[in-house]
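Residues -21 to -1, 1 to 410, numbered by mature numbering (1 follows the signal peptide of the UniProt record, and there is no 0), are exactly what the sequence shown covers, in order.
Scroll down for the structure; my scribbles are underneath it.
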Amino acid sequence: MTIRNQLCVLGLCLTSTQLLANGLQVNEQSISSAGKAYSGRASDVQDASIVYGNPAGMSRLAGEHISGGVSFIDVRSRISKVDTTVSGTSHGDMVPDPIVVPSGFYTLQINDDWHVGFGVYAPFGGSTDYESSFQGRYRSSRTQVKVVTLQPTVSYRISDRLSVGFGPTFNRLDGLLESKIANSAVGGQGDGTVKVSGDDSAWGFNAGILFDPFDDLTLGLTYHSRVDYDLSGKTKVTGANGLLAPIPVLGLPGLNGKYDASLAFTTPETVDASATWRINDRLDVSAGALWSRWSRVQELRVLNSGVPRAYGPFDTIVETLKWRDTWSFSTGMSYRLNKEWKVRAGIAYEPTPMPNQYTSTRAPTGDRKIFTVGLNWQMTDQTSLDLGYGYIHEDPVKVSQATSQGGLRPGYSATYQNTVNGLGLQLNHSF
């Protein structure tokens, strides 16, 4: 393979990632909703976390409310049926440490009709960090995505049965992608490293409607807008040797160094619809459906500038994704044991947006079955504590990244089986 073709392959190493799969789509904005598998997220008004679930729901909160929560997410992966020429290991601990996801919300009643609020939360986030000897390290070795959203919000009560709400969102994204280079493919030794880091801030909005067609039935509809990002950052290549090192006699300066990088992509809009039916003073049930327009994510296109002319193919790198829209479904219930205690339970199904042929080692996620339980403790008339636990079982998914792309990126195929345990705590207080 020529140096030119090898550089095209090396560039693909930077972008072979599923940045926005369901494996990195964060649901942990509300622990009170988590207990019911988020089935009533847009219709069940429990506390200030409704700022995210449905801005219109603030109209049901009298006075002043504050909620603060934290979730701990533990991901376990089992890798089997490995097929590769690369020596090393495939332990499967691609997320070695629990992920911590905080959130905070505030609402204030201005008068009978108007409420304002504010939220800070993470709509997307996650990381993978494989062992240094991972056999698929030339496809990916480390990935980190962090998104923080700030949302000022206002709601208006049109009537006793109908309310609307709106909140602009300010979103900050920081990302890091890392892969190794097989120097042996170009006459070198050991591994080089390619690391891309970038960030951007962008605006979006959330809007919601809350409607009571009957006294015991509440319907909610929430729209979370798409967000357009234009990330800028650096592509850093280190440890590249062999034909990728400087060769003065051929006029080749080598590929090691830092280059300006940019990447434009759009996170999908979602529509969250749910219904909550209060059967009696103790029992209520909810059902929800979430549509996500993942088809907006068709490719990733990385532009590198400042690359020496000899490595021109490194300027523009394209990775085809071809994701598809998804529908997720959930149902759940809550039961009040007495004045102090309420229990919750729920189940959900969430399909992956990734076609099998484009699944990579960065986020190898399959269709999900989710089981949750929750507990609410009314500590005082003004203070309550929510506890939520969720277990996620993913269908096995096959990663098949062929060898035809060249020696710098040896092929890697394997079957992944993921499970996720999540535990969250949320403190609520009214004034």
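By construction, the Cβ of each residue, glycine as well, lies at the ideal position given by its N, Cα and C atoms.
Chain-order list of residues whose beta-carbon lies under 8 Å from that of residue i (same chain, five-residue window excluded)
{"i": "Thr394", "result": "Ile58, Ser59, Lys60, Pro375, Val376, Lys377, Val378"}
{"i": "Trp273", "result": "Leu(-2), Pro247, Trp302, Arg303, Asp304, Thr305, Pro332"}
{"i": "Val206", "result": "Thr148, Asn150, Ala181, Trp182, Gly183, Thr245, Thr246"}
{"i": "Glu7", "result": "Ala13, Gly48, Ser50, Ile52, Val80, Ser82, Ala101, Gly401, Gly403"}
{"i": "residue 412", "result": "The requested residue 412 does not occur in the structure, where the chain is confined to residues -21 to 410."}
{"i": "Ile160", "result": "Leu(-12), Cys(-9), Tyr117, Asp170, Gly171, Thr172, Val173, Val216, Gly218, Ala219, Leu223, Leu387"}
{"i": "Asp346", "result": "Tyr328, Glu329, Pro330, Thr331, Glu373, Asp374"}
Beta-carbon spacing of residue i, residue j below 9 Å
{"i": "Val133", "j": "Gly96", "result": "yes"}
{"i": "Leu231", "j": "Pro287", "result": "yes"}
{"i": "Asn185", "j": "Phe145", "result": "yes"}
{"i": "Ile137", "j": "Phe84", "result": "no"}
{"i": "Tyr31", "j": "Ser82", "result": "yes"}
{"i": "Gln123", "j": "Gly154", "result": "yes"}
{"i": "Ser46", "j": "Asp26", "result": "yes"}
{"i": "Arg341", "j": "Leu210", "result": "no"}
{"i": "Gly325", "j": "Tyr368", "result": "no"}
{"i": "Leu406", "j": "Gly48", "result": "yes"}
{"i": "Ile52", "j": "Val24", "result": "no"}
{"i": "Thr344", "j": "Asn400", "result": "no"}
{"i": "Tyr117", "j": "Pro389", "result": "yes"}
{"i": "Ala219", "j": "Gly166", "result": "no"}
{"i": "Val74", "j": "Gly105", "result": "yes"}
{"i": "Gly221", "j": "Ser176", "result": "no"}
{"i": "Val99", "j": "Ile78", "result": "no"}
{"i": "Ser204", "j": "Arg39", "result": "no"}
{"i": "Asp260", "j": "Arg323", "result": "no"}
{"i": "Gly36", "j": "Leu189", "result": "yes"}
{"i": "Gln357", "j": "Trp320", "result": "yes"}
{"i": "Ser307", "j": "Ser271", "result": "yes"}
{"i": "residue 415", "j": "Leu242", "result": "With the chain represented from -21 up to 410, any question about residue 415 goes unanswered, as that position is not in the structure."}
{"i": "Gly94", "j": "Thr86", "result": "In the sequence as presented, Gly is not what sits at residue 94; that position holds His. Cβ distance < 9 Å, so His94 and Thr86 count as in contact."}
Close beta carbons around residue i, own chain, < 7 Å, minus the five adjacent residues each side
{"i": "Gly71", "result": "Ser56, Arg57, Ile58"}
{"i": "Ser409", "result": "Gly42, Glu43, His44, Gln361"}
{"i": "Gln114", "result": "Val61, Thr63, Val65, Gly67, Thr68, Ser69, Tyr391"}
{"i": "Lys348", "result": "Tyr328, His372"}
{"i": "Ser253", "result": "Ser18, Gly19, Arg20, Ala21, Ser22, Gly199, Ser265, Ala266, Gly267"}
{"i": "Glu278", "result": "Val297, Glu298, Thr299, Leu300"}
{"i": "Asp191", "result": "Arg140, Thr197"}
{"i": "Thr217", "result": "Gly171, Thr172, Asn235"}
{"i": "Ser163", "result": "none"}
Which of helix, strand or coil DSSP assigns to residue i
{"i": "Ile89", "result": "coil"}
{"i": "Asn162", "result": "helix"}
{"i": "Trp273", "result": "helix"}
{"i": "Arg303", "result": "coil"}
{"i": "Arg205", "result": "coil"}
{"i": "Ile29", "result": "helix"}
{"i": "Ala(-1)", "result": "Its pLDDT being 43, under 50, Ala(-1) is placed unreliably by the model, and the measurement read from it follows with that caveat. The answer is coil: DSSP assigns Ala(-1) none of H, G, I, E or B."}
{"i": "Arg39", "result": "helix"}
{"i": "Asn335", "result": "helix"}
{"i": "Ile10", "result": "helix"}
{"i": "Tyr395", "result": "strand"}
{"i": "Leu200", "result": "strand"}
{"i": "Gly221", "result": "helix"}
{"i": "Ala16", "result": "coil"}
{"i": "Arg261", "result": "coil"}
{"i": "Phe293", "result": "helix"}
{"i": "Leu316", "result": "coil"}
{"i": "Arg288", "result": "helix"}
{"i": "Pro247", "result": "coil"}
{"i": "Val54", "result": "strand"}
{"i": "Leu229", "result": "helix"}
{"i": "Ser131", "result": "Inspection of the sequence shows that residue 131 is occupied by Pro rather than by Ser. If DSSP states are grouped into helix, strand and coil, Pro131 belongs with the strands."}
Residues near residue i in its chain [Cβ-Cβ closer than 6 Å; skip 5 each side]
{"i": "Ser180", "result": "Arg151"}
{"i": "Asn283", "result": "Thr214, Tyr238, Ala240, Phe293, Asp294"}
{"i": "Leu196", "result": "Trp256"}
{"i": "Thr201", "result": "Ala21, Asn33, Gly187, Asp251"}
{"i": "Ser119", "result": "Ser158, Thr340, Arg341"}
{"i": "Gly233", "result": "Ala224, Pro225"}
{"i": "Lys125", "result": "Gly104, Asp153"}
{"i": "Gln130", "result": "Gly98, Gly146, Thr148"}
{"i": "Asp365", "result": "Ile10, Ser11, Asn355, Gln405"}
Interface flag, residue i vs chain B, CB-CB below 9 Å
{"i": "Pro75", "result": "Reference to chain B is not applicable here, since this structure consists of a single protein chain."}
Residue i beta carbon near the ligand FAD (any heavy atom closer than 8 Å)
{"i": "Ser22", "result": "No copy of the ligand FAD appears in this structure; indeed no ligand is present at all."}
The stretch 350 to 357 touching the stretch 13 to 24, judged by at least three CB pairs closer than 8 Å: They touch, by the three-pair rule.
Touching by the beta-carbon criterion (3+ pairs, under 8 Å), the stretch 86 to 93 and the stretch 311 to 318: Put simply, the stretch 86 to 93 does not touch the stretch 311 to 318. Fewer than three CB pairs are less than 8 Å apart.
Beta strand (DSSP E) runs wholly inside the stretch 61 to 110, at least 3 long, in chain order: Here the runs fully enclosed are 78 to 88, 93 to 100, 104 to 108.
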